[in-house]
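As structure tokens, this is what we get:
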């Protein structure tokens, strides 16, 4: 009997141990399953976020591409419009210049036609340098803010801008026969032969205006070399833009 009881007790212990083992294994399996499910959920969430980001990036890239395309198209249109505007401006400027030249020629023709046949016009072009240009050494001129005809360094020939300025002076004096012109010819401190250079500039202005119909008797010309300055620039270390201001013929048109 005792042997049977011991065997039964031993079997009960073995069964209990087996049940505990199975229970532990089940718990471990359940924990593993829970952990696996958590990992799967996390992976699913990360995958969803990655898909969402990829979609957002794709939309952003498409929008950037459209924006870049629109920008390029807009710049191309602006460039084309700018070129067209420049062309229109050039055509208009040429037309304006031709109208001015035609007007001056018409006024000159009408003036010559209206003169008696036995008279000699004072505006007959002169083929020699005028001898009415005078030199004057001075510290100042009447008005340092006078309009100017600008020249390049060491030059006495006219730029396109200078010629336009002269044409405007000519038109004004032709339209006002009693007007007078006073010239103040200068040279910058850094130019060569300032006095003869300033004289030549005033002579060139006289010759040009005479050839478009302005009598020399209506013009008073004075040259100063570098003895005066429009802006106080009379030293070698002046900035070039200040030097350039003095490479000029300043003028006053006196209209009665």
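Numbering (our numbering), first residue to last: 431 to 686.
Ideal placement from N, C-alpha and C gives every residue a C-beta, glycine not left out.
All of these numbers come straight from a predicted model, not from anything done at the bench.
Quiz prompt | Cβ pair count under 8 angstroms reaching 3, the region 664-676 against the region 641-650 | solution = Contact between the region 664-676 and the region 641-650 is absent: fewer than 3 CB-CB pairs across the two stretches fall below 8 angstroms.
Quiz item: Which whole-angstrom value is the C-beta distance of residue 580 and residue 591, which I expect to be below 8 angstroms?
Solution: One-based indexing of the chain shown puts residue 580 at position 150. One-based indexing of the chain shown puts residue 591 at position 161. Rounded, the Cβ-Cβ distance is 7 angstroms, consistent with contact.
Exercise. Hey, could you find the ends of the alpha helix (DSSP H) residue 693 is sitting in?
Key: Absent from the model: residue 693. The displayed extent of the chain is 431 to 686, so no value can be given.
Exercise. Please say whether residue 679 and residue 603 have beta carbons closer to each other than 8 angstroms?
Key: In the chain shown, counting from the first residue as 1, residue 603 sits at position 173. In the chain shown, counting from the first residue as 1, residue 679 sits at position 249. Going by C-beta atoms, residue 603 is not nearer than 8 angstroms to residue 679.
Quiz item: What do you reckon, are the CB atoms on residue 584 and residue 633 nearer than 8 angstroms?
Solution: Locating residue 584 in the chain shown gives position 154, counting from the first residue. Locating residue 633 in the chain shown gives position 203, counting from the first residue. In this structure, residue 633 does not lie closer than 8 angstroms to residue 584 by Cβ.
Self-check item: Beta-carbon contacts of residue 627 that lie in its chain and below 8 angstroms, excluding the five residues immediately before and after
Solution: As a working mapping, residue 627 is identified with position 197 in the chain shown. Taking residue 627 as the centre and dropping the five residues before and after it, the same chain places the C-beta of 584, 586, 617, 621 and 655 closer than 8 angstroms to its C-beta, in chain order.
Quiz prompt | Ordered list of beta strand (DSSP E) runs contained in the region 625-681, each at least 3 residues | solution = 649-653
Practice problem: Compare the beta carbon distance of residue 686 and residue 608 with 8 angstroms and say whether it is the shorter of the two. | Solution: The residue given as residue 686 occupies position 256 in the chain shown. The residue given as residue 608 occupies position 178 in the chain shown. By the CB criterion at 8 angstroms, residue 686 and residue 608 fall inside the cutoff.
Quiz item: Under three-state DSSP, which class holds residue 585?
Solution: In the chain shown, residue 585 corresponds to position 155, counting from 1. Residue 585 falls in the coil class under three-state DSSP.
Exercise. Would you kindly report the start and end of the unbroken beta strand (DSSP E) that includes residue 685?
Key: Locating residue 685 in the chain shown gives position 255, where the first residue counts as 1. Careful: residue 685 lies outside any beta strand (DSSP E) and carries neither H nor E.
Practice problem: Measure how close the beta-carbons of residue 629 and residue 647 come, nearest whole angstrom, since I'm counting them as under 8 angstroms. | Solution: As a position in the chain shown, residue 629 is number 199, starting the count at 1. As a position in the chain shown, residue 647 is number 217, starting the count at 1. Between residue 647 and residue 629 the Cβ distance is about 19 angstroms, and since that is not below 8 angstroms, they are no contact.
Quiz item: Can you tell me whether residue 471 is buried or exposed, with buried defined as 16 or more other CB within 10 angstroms of its CB?
Solution: Taking the first residue of the chain shown as 1, we reach residue 471 at position 41. Residue 471 counts as exposed, since fewer than 16 other C-beta atoms from the protein chains shown sit within 10 angstroms of its C-beta.
Quiz item: Are the CB atoms of residue 637 and residue 681 nearer to each other than 8 angstroms?
Solution: Position 207 of the chain shown, counted from the start, is the residue given in the question as residue 637. Position 251 of the chain shown, counted from the start, is the residue given in the question as residue 681. No; because the gap between Cβ atoms is not below 8 angstroms, this pair is not in contact.
Quiz item: Is it true that the CB of residue 673 sits closer than 8 angstroms to the CB of residue 619?
Solution: Translated into the one-based positions of the chain shown, residue 619 becomes position 189. Translated into the one-based positions of the chain shown, residue 673 becomes position 243. In this structure, residue 673 lies closer than 8 angstroms to residue 619 by Cβ.
Practice problem: Could you tell me whether the Cβ atoms of residue 649 and residue 611 are closer together than 8 angstroms? | Solution: Stepping through the chain shown from its first residue, residue 649 is reached at position 219. Stepping through the chain shown from its first residue, residue 611 is reached at position 181. In this structure, residue 611 lies closer than 8 angstroms to residue 649 by Cβ.
Quiz prompt | residue 434 in three-state terms, based on DSSP | solution = In the chain shown, the residue the question calls residue 434 occupies position 4. Here residue 434 sits in helix by DSSP.
Quiz prompt | Cβ pair residue 676, residue 657 closer than 8 angstroms | solution = Translated into the one-based positions of the chain shown, residue 676 becomes position 246. Translated into the one-based positions of the chain shown, residue 657 becomes position 227. For residue 676 and residue 657, no; Cβs fall outside 8 angstroms.
Quiz item: What separation, rounded to the nearest whole angstrom, lies between the Cα atoms of residue 671 and residue 662?
Solution: Counted from its first residue, the chain shown places residue 671 at position 241. Counted from its first residue, the chain shown places residue 662 at position 232. For the pair residue 671 and residue 662, the Cα-to-Cα distance works out to about 12 angstroms.
Quiz item: Which class does residue 477 belong to by DSSP, given the choice of helix, strand or coil?
Solution: As a first step, residue 477 must be located in the chain shown, where it is residue number 47. Residue 477: helix per DSSP, three-state reduction.
Quiz prompt | residue 455 versus residue 480: straight-line alpha-carbon distance, rounded | solution = In the chain shown, residue 455 corresponds to position 25, counting from 1. In the chain shown, residue 480 corresponds to position 50, counting from 1. If I take the Cα positions, the gap works out to 37 angstroms.
Quiz item: What is the DSSP secondary structure of residue 615, reduced to helix, strand or coil?
Solution: The sequence position of residue 615 within the chain shown is 185, counting from 1. Three-state DSSP puts residue 615 in a strand.
Quiz item: Expressed to the nearest angstrom, what Euclidean distance is found between the alpha-carbon atoms of residue 508 and residue 493?
Solution: For the purposes of this step, residue 508 is taken as residue 78 along the chain shown, with counting starting at 1. For the purposes of this step, residue 493 is taken as residue 63 along the chain shown, with counting starting at 1. Rounded to whole angstroms, residue 508 to residue 493 spans 22 angstroms at the Cα level.
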